[in-house]
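Data first, discussion second: the structure below is written as structure tokens.
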Amino acid sequence: MTTLTDQQQARTLGGQLEQHLLTAFFVVYKTARIIDENNRTFIRQCQAFHKYLKQISKDSGSVAIKTVSGRYFVNERMVRFDDTGLSGAMAVVREWKAVGLGGVVLADGIEEGDAGRLFKFMSEIKPGSDNIDELSARLKAAQLAHVKLLSAKEVNAEHSNTTEEVRREFRSAARANFFRAMNVVEETVVGLSEHKEVNVSKTKRVVHTLIDHIVRDESSLIELTAIRDYDDYTYAHSVNVCVYALTLGVRLGLDRPRLAQLGFAAIFHDAGKVKLPTDLIRKPDKFDEDDWLQMQRHPLLGAKTIMRSLKLDVHTARAARGAFEHHISPDNSGYPRLPDRKRPVNLFSRIISIVDSFDALTSGRIYIKKAIPADEVLRKMHFQMHAKFDAFLLKLFTDVVGIYPAGSLVLLSTDEVALILTNSETDRNRPYVKIIGNQQGPLSEPEWADLSLPEESARVVVRLIDPERYGLNTRDLILRD
Amino acid sequence: MYMNEPLKKEIGFILKDLLKVVKVVSMYPADNPLPQSMRLSFAEKLVSIVEEYGAFRIRVTKGVLEYEGEEVYEDKSKEESLAALFFETGITEFEFRPGLEVDDVYKLLDAVRTYLNTPGRTEDLVGLIWEAGISGFVIETLEDVALSDYDSGFDVNEYLEQGDRQSTGGGQFGFEDNEKYTQIFAQSDAGTTSIEQASLGDSGELSELPVGHDASIMAAPDSGAGGYPVGADEDQTSFDAVEAAPGTDDGAGIPIEVARALGLSAPSGDAPSPPTSTLPNTTLQMNDRFSMSEEEAGIVQEMLIDDADFDPHESTLELAKEVLFLEPDLPGFDETVTICEKIINEFVAAGKLINAGSLLAHLKTLEEKLRQKKPAWSVRLIEAGVTAGSRERLAVLAESMNAHPEVGVSEIKKYLDNLGWESLSGITDLMGEFEHHLHREALKDYLTARGQDNIDIVAKGVFDKRWQVVRNSVTILARIGDARALRYLERVVEHEEPQVRMELVTALKSSPTSESLGLLKTLVADSDRAIRGLAVEAIVARRGEDAFGVIGEVIDDNSFASLDGTEQQSLLNAYSRLGGEQAVGYLSQLILRFNLFGDTRQSLFRTAAFEALSYNHSERSERLLVKLTSSWRPSIRKQAVYTLQRRRENIYGEDQ
Numbered sequence: 010m011t012t013l014t015d016q017q018q019a020r021t022l023g024g025q026l027e028q029h030l031l032t033a034f035f036v037v038y039k040t041a042r043i044i045d046e047n048n049r050t051f052i053r054q055c056q057a058f059h060k061y062l063k064q065i066s067k068d069s070g071s072v073a074i075k076t077v078s079g080r081y082f083v084n085e086r087m088v089r090f091d092d093t094g095l096s097g098a099m100a101v102v103r104e105w106k107a108v109g110l111g112g113v114v115l116a117d118g119i120e121e122g123d124a125g126r127l128f129k130f131m132s133e134i135k136p137g138s139d140n141i142d143e144l145s146a147r148l149k150a151a152q153l154a155h156v157k158l159l160s161a162k163e164v165n166a167e168h169s170n171t172t173e174e175v176r177r178e179f180r181s182a183a184r185a186n187f188f189r190a191m192n193v194v195e196e197t198v199v200g201l202s203e204h205k206e207v208n209v210s211k212t213k214r215v216v217h218t219l220i221d222h223i224v225r226d227e228s229s230l231i232e233l234t235a236i237r238d239y240d241d242y243t244y245a246h247s248v249n250v251c252v253y254a255l256t257l258g259v260r261l262g263l264d265r266p267r268l269a270q271l272g273f274a275a276i277f278h279d280a281g282k283v284k285l286p287t288d289l290i291r292k293p294d295k296f297d298e299d300d301w302l303q304m305q306r307h308p309l310l311g312a313k314t315i316m317r318s319l320k321l322d323v324h325t326a327r328a329a330r331g332a333f334e335h336h337i338s339p340d341n342s343g344y345p346r347l348p349d350r351k352r353p354v355n356l357f358s359r360i361i362s363i364v365d366s367f368d369a370l371t372s373g374r375i376y377i378k379k380a381i382p383a384d385e386v387l388r389k390m391h392f393q394m395h396a397k398f399d400a401f402l403l404k405l406f407t408d409v410v411g412i413y414p415a416g417s418l419v420l421l422s423t424d425e426v427a428l429i430l431t432n433s434e435t436d437r438n439r440p441y442v443k444i445i446g447n448q449q450g451p452l453s454e455p456e457w458a459d460l461s462l463p464e465e466s467a468r469v470v471v472r473l474i475d476p477e478r479y480g481l482n483t484r485d486l487i488l489r490d
Numbered sequence: 003m004y005m006n007e008p009l010k011k012e013i014g015f016i017l018k019d020l021l022k023v024v025k026v027v028s029m030y031p032a033d034n035p036l037p038q039s040m041r042l043s044f045a046e047k048l049v050s051i052v053e054e055y056g057a058f059r060i061r062v063t064k065g066v067l068e069y070e071g072e073e074v075y076e077d078k079s080k081e082e083s084l085a086a087l088f089f090e091t092g093i094t095e096f097e098f099r100p101g102l103e104v105d106d107v108y109k110l111l112d113a114v115r116t117y118l119n120t121p122g123r124t125e126d127l128v129g130l131i132w133e134a135g136i137s138g139f140v141i142e143t144l145e146d147v148a149l150s151d152y153d154s155g156f157d158v159n160e161y162l163e164q165g166d167r168q169s170t171g172g173g174q175f176g177f178e179d180n181e182k183y184t185q186i187f188a189q190s191d192a193g194t195t196s197i198e199q200a201s202l203g204d205s206g207e208l209s210e211l212p213v214g215h216d217a218s219i220m221a222a223p224d225s226g227a228g229g230y231p232v233g234a235d236e237d238q239t240s241f242d243a244v245e246a247a248p249g250t251d252d253g254a255g256i257p258i259e260v261a262r263a264l265g266l267s268a269p270s271g272d273a274p275s276p277p278t279s280t281l282p283n284t285t286l287q288m289n290d291r292f293s294m295s296e297e298e299a300g301i302v303q304e305m306l307i308d309d310a311d312f313d314p315h316e317s318t319l320e321l322a323k324e325v326l327f328l329e330p331d332l333p334g335f336d337e338t339v340t341i342c343e344k345i346i347n348e349f350v351a352a353g354k355l356i357n358a359g360s361l362l363a364h365l366k367t368l369e370e371k372l373r374q375k376k377p378a379w380s381v382r383l384i385e386a387g388v389t390a391g392s393r394e395r396l397a398v399l400a401e402s403m404n405a406h407p408e409v410g411v412s413e414i415k416k417y418l419d420n421l422g423w424e425s426l427s428g429i430t431d432l433m434g435e436f437e438h439h440l441h442r443e444a445l446k447d448y449l450t451a452r453g454q455d456n457i458d459i460v461a462k463g464v465f466d467k468r469w470q471v472v473r474n475s476v477t478i479l480a481r482i483g484d485a486r487a488l489r490y491l492e493r494v495v496e497h498e499e500p501q502v503r504m505e506l507v508t509a510l511k512s513s514p515t516s517e518s519l520g521l522l523k524t525l526v527a528d529s530d531r532a533i534r535g536l537a538v539e540a541i542v543a544r545r546g547e548d549a550f551g552v553i554g555e556v557i558d559d560n561s562f563a564s565l566d567g568t569e570q571q572s573l574l575n576a577y578s579r580l581g582g583e584q585a586v587g588y589l590s591q592l593i594l595r596f597n598l599f600g601d602t603r604q605s606l607f608r609t610a611a612f613e614a615l616s617y618n619h620s621e622r623s624e625r626l627l628v629k630l631t632s633s634w635r636p637s638i639r640k641q642a643v644y645t646l647q648r649r650r651e652n653i654y655g656e657d658q
């Protein structure tokens with residue numbers, strides 16, 4: 010556990026040189042698996058890598074290339090490395106994780122030829138059978154003197170100080186992306202309601218940005234979905250639904266074009282509400298029968314609005330279908346009511362149905378006036394409303410958000426109150442949290458703790474806390490670092 | 003700063019080549035070796051530059067691309083405007099990086115090509131590049147630049163409620179006071195939301211249809227009943243019941259608002275009955291209970307595979323039908339029909355004539371069903387059909403067919419079958435706009451078939467000032483070929499535009515009717531030689547008494563002399579062949595006429611007459627030729643012997 014004041018030295022971000030080094034590293038890593046070490050391309054790539062290595066080692070001596078929780082470090086500097094442009098990088102990281110490898114140190118003086126031998130050595134790693142100890146022994150036997158392997162354990166321990174800084178970077182970017190998305194949704198809604206031209210490209214680009222972010226760090230966006238106190242929740246709801254849908258879509262393994270279509274459809278799923286009276290949408294009291302009948306027209310109105318206002322392409326076709334079907338259950342119950350409907354509800358509509366319901370129930374801002382905590386919502390969805398949702402997708406969604414979604418408040422066994430920041434990949438019960446208070450009250454400064462680490466074994470999540478019940482403002486907790 | 007001159011030069015060349023390659027690839031079919039080799043050569047070159055020099059980043063301005071502050075490419079013209087292409091889509095920089103492979107370059111070329119070839123450039127290049135997922139190529143856009151200036155204070159407060167909903171202020175993190183924390187620990191688990199709650203509601207039954215839903219008129223589009231039964235009662239289906247999962251613990255009931263919102267309860271809005279069981283306490287079991295098994299993961303993968311078949315046009319077609327079905331009143335219905343008109347137009351523009359035709363057919367069927375009970379709705383649907391056949395929409399059809407040569411003849415015909423007679427005039431006018439031969443043939447077939455019953459409409463074109471339109475009408479009228487059509491065609495037999503007359507003679511050539519012979523006869527005297535020649539060809543290809551009569555008239559006419567020798571011969575041959583014994587008289591006159599002064603023309607006519615006789619199968623011609631073999635005139639004698647030989651070969655074959 011660390012606090013900001015415990016930082017031993019200011020962490021800095023790696024620059025372009027470190028980025029080039031990493032790029033060259035992953036390129037050669039991939040090439041080494043395919044071609045011979047005497048191949049001209051391989052030699053040329055090794056030379057490029059060695060060139061960057063020499064430049065960095067001029068100042069620092071040895072050069073360590075490490076990965077921690079999906080982030081990249083060169084020596085102590087986190088590198089903002091865009092690995093979406095490099096398909097092999099994630100494969101390497103997964104491979105390293107599987108064998109417990111956290112990084113590699115290349116000592117000053119390593120020659121080009123040795124670098125080539127190292128890549129060839131690494132190309133022979135077998136994730137199913139090797140482990141870090143065996144690899145280290147083989148390395149020694151190969152007499153690669155200027156190379157040292159680092160275990161994931163030691164790298165994680167070394168960089169636990171910087172984890173929060175790294176996450177802060179992602180949270181900052183998440184906010185920019187999230188609120189820009191809200192801006193775009195607002196423009197879109199206004200455009201639709203006033204029959205003006207809607208900038209579809211802008212909406213698509215915003216979705217692309219969200220996808221890129223989710224692929225790299227979904228929790229920092231999911232965290233923001235927990236903010237509820239907006240003046241007009243409509244826009245936030247659309248973005249929340251989009252974020253959840255995309256997170257589920259990424260987990261499903263949808264390709265890029267289909268992810269973009271899913272996000273676009275999620276943004277537009279409630280487009281029909283622009284055709285309803287504003288008084289109805291913002292009505293503070295309970296709906297009467299007429300109100301419900303009007304509200305239940307929004308899927309039909311949404312489909313019409315989209316088909317009328319937007320040029321037909323695969324995105325708008327998906328959006329129209331999502332808007333129409335997101336309240337139709339897999340067994341064709343729900344609304345709009347179409348007797349004897351034989352057509353199955355589209356996959357994207359089923360996804361949107363789940364995430365829309367989840368956000369509506371956990372926010373207390375859409376159909377109900379009081380929020381229901383996430384875990385209860387998930388249990389209701391599984392046990393009481395299961396006919397309404399696709400069972401497999403619901404299960405996957407529960408797996409994705411976890412029982413403690415990012416942004417939830419929890420009570421720990423150590424009598425502390427904490428905010429969930431990220432769910433652990435290996436154990437959903439042991440998330441990464443920000444501790445904000447205890448029995449005496451709020452902490453003067455928050456503390457961060459990764460409950461999945463052995464040293465945090467004493468801290469266990471006991472239960473979720475309803476912030477509204479205790480008058481706590483999660484907005485501030487989430488937005489302030 | 004040190005400028006890598008060799009790299010700068012390479013970058014300049016490669017950027018110049020990029021657009022060129024895209025254009026060449028667009029012009030040729032995909033399997034043509036020229037664009038394939040150009041594409042490969044470009045891709046390999048770009049990859050090798052990156053391998054050799056490493057990453058390089060290009061800055062985009064309005065007409066110029068820069069590398070490290072120096073210009074490496076400038077837009078020279080509208081056709082060579084790579085910088086503008088990136089600039090207008092909001093790209094501020096792009097970078098090629100190690101890891102770029104040949105396939106990635108192909109993806110980039112394809113993205114640029116798709117963008118350039120989309121009419122109106124309505125696609126988003128940035129989006130296309132993103133979707134392509136190109137390794138080793140990254141772009142920065144205006145949005146990225148804006149985002150990089152973000153600091154945590156921006157915009158958020160515009161959206162957030164001013165004044166807390168929950169708290170009363172104070173505390174470093176916005177917390178109100180310590181007591182709230184104390185309360186958390188004091189409450190223990192009671193009143194928390196996770197552990198023990200009451201339970202489940204009962205179901206409601208649907209007793210009536212939602213307001214505005216008139217089931218007596220329309221059945222569901224895919225009900226299998228074949229349409230919209232008038233007066234049929236709709237199946238009174240209840241909403242799904244909300245059931246307790248077996249073996250559950252006590253859990254909270256579902257609020258009625260939730261049930262209504264999610265489509266779970268009856269419209270009466272009755273509250274669910276008191277809870278009888280609770281939700282399971284699975285908080286700590288969630289990981290195991292809700293993790294996906296391998297089998298379930300496989301099922302999810304199958305969902306993805308099924309979803310890959312999603313067809314946006316098919317989906318929109320079915321959705322349009324469903325939305326139409328649900329409209330409760332005329333204004334809504336009217337709006338939806340307008341939307342259907344738009345959708346049909348978009349289908350046509352995309353070359354999806356089957357979908358367009360299907361929706362049009364659906365509107366027609368609906369119109370028939372609603373005609374009696376809802377005449378106003380029916381009228382609206384008729385209007386939609388008329389709109390589809392309007393000149394504006396037909397122009398879209400023409401443009402689309404030119405862009406989609408792969409659309410088959412049967413698809414076009416099936417689509418056109420859904421249009422009303424009002425469209426015939428427009429289609430006739432626009433026929434010339436269709437570039438592909440097969441498409442034009444499809445239109446001709448359609449107009450010929452429909453034109454039989456609507457000849458006055460199709461024939462309107464012959465009165466048009468535009469010769470292209472006249473020509474189109476001529477084609478169809480000639481194909482129809484009946485007496486009414488020919489009466490219209492008579493108007494254009496002396497049209498001032500040769501292309502119209504040419505179209506007439508060409509069309510009449512394939513027209514089998516005897517009535518057309520009269521027009522052909524007139525065209526034999528046409529001032530245009532090519533038209534005359536075709537007219538002669540058309541006539542000599544005919545058979546029967548009528549043809550013989552017309553040929554005789556042509557030969558008799560003064561204009562016969564102005565035809566060239568080949569045409570005259572053809573006519574005489576046909577005259578002889580068709581006329582049999584009747585023709586022999588005239589031919590013998592031509593042969594026996596004295597040519598005291600050695601008139602060349604007369605000699606030629608004599609020769610032509612002999613030639614014609616060689617095609618005459620009658621006995622009389624045989625007798626004449628035999629007699630002529632004994633003529634006192636040597637030239638006649640000689641030609642008669644030769645012709646007799648030829649005749650026997652023509653009739654009996656060369657062995658005789």
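Chains as they are written, first to last, in the numbering used here: chain A, 10 to 490; chain B, 3 to 658. Even glycine gets a Cβ: it sits at the ideal position worked out from N, Cα and C.
Answer yes or no: does any C-beta atom of chain B fall closer than 9 Å to that of residue 217 of chain A?
-> yes
Would you please verify whether the beta carbon of residue 447 of chain A is less than 9 Å from any beta carbon of chain B?
-> yes
Selected residue, minimal CA-CA separation from residue 107 of chain B, among B:510, B:73, B:38 = B:38
Closer than 7 Å at the beta carbon, the chain B residues around residue 457 of chain A | Near residue 457 of chain A there are no residues of chain B at all, since even the closest Cβ is about 14 Å away, more than 7 Å.
Looking at the unbroken beta strand (DSSP E) that takes in residue 457 of chain A, where does it start and where does it end?
-> 450-459
Nearest-angstrom Cα distance between residue 47 of chain A and residue 127 of chain A?
-> 14 Å
Contact set between the region 440-461 of chain B and chain A, restricted to residues whose Cβ is under 9 Å from the partner = none
Listed by chain order, chain A residues near residue 341 of chain B by CB distance under 8 Å = 313, 316, 317
Inter-residue spacing [alpha-carbon to alpha-carbon] between residue 510 of chain A and residue 424 of chain A | Outside the shown range of chain A, which is 10 to 490, sits residue 510 of chain A, and nothing can be said about it.
Sequence-distant residues of its chain with Cβ nearer than 8 Å to residue 107 of chain A (five each side left out) | 136, 137
Are the beta-carbon atoms belonging to residue 247 of chain A and residue 276 of chain A less than 9 Å from one another?
-> yes
With 9 Å set as the bound, which would you pick, yes or no: does the beta-carbon of residue 54 of chain A sit closer than that to a beta-carbon of chain B?
-> yes
Listing by chain order, which chain B residues have their CB less than 8 Å from the CB of residue 32 of chain A?
-> 57, 99, 100, 101
Along the beta strand (DSSP E) that carries residue 263 of chain A, what are the first and last residues, could you check?
-> Per DSSP, residue 263 of chain A belongs to no beta strand (DSSP E) and is neither H nor E.
Segment limits, beta strand (DSSP E) that includes residue 431 of chain A = 425-431
Would you grab the beta carbon distance between residue 474 of chain B and residue 437 of chain B for me? Rounded to a whole angstrom, and I think it's under 8 Å.
-> With a Cβ gap of about 14 Å, residue 474 of chain B and residue 437 of chain B do not count as contacting.
According to DSSP, residues forming a beta bridge with residue 160 of chain A = A:110
When you check each C-beta in the region 507-534 of chain B against every C-beta of chain A, which residues fall closer than 7 Å?
-> none
Spatial distance of residue 180 of chain A from residue 81 of chain A (CA atoms) | 17 Å
Check each residue of the region 275-304 of chain A: if its Cβ is closer than 9 Å to any Cβ of chain B, include it; give the result in chain order.
-> 295, 296, 297, 298, 299, 301, 302, 304
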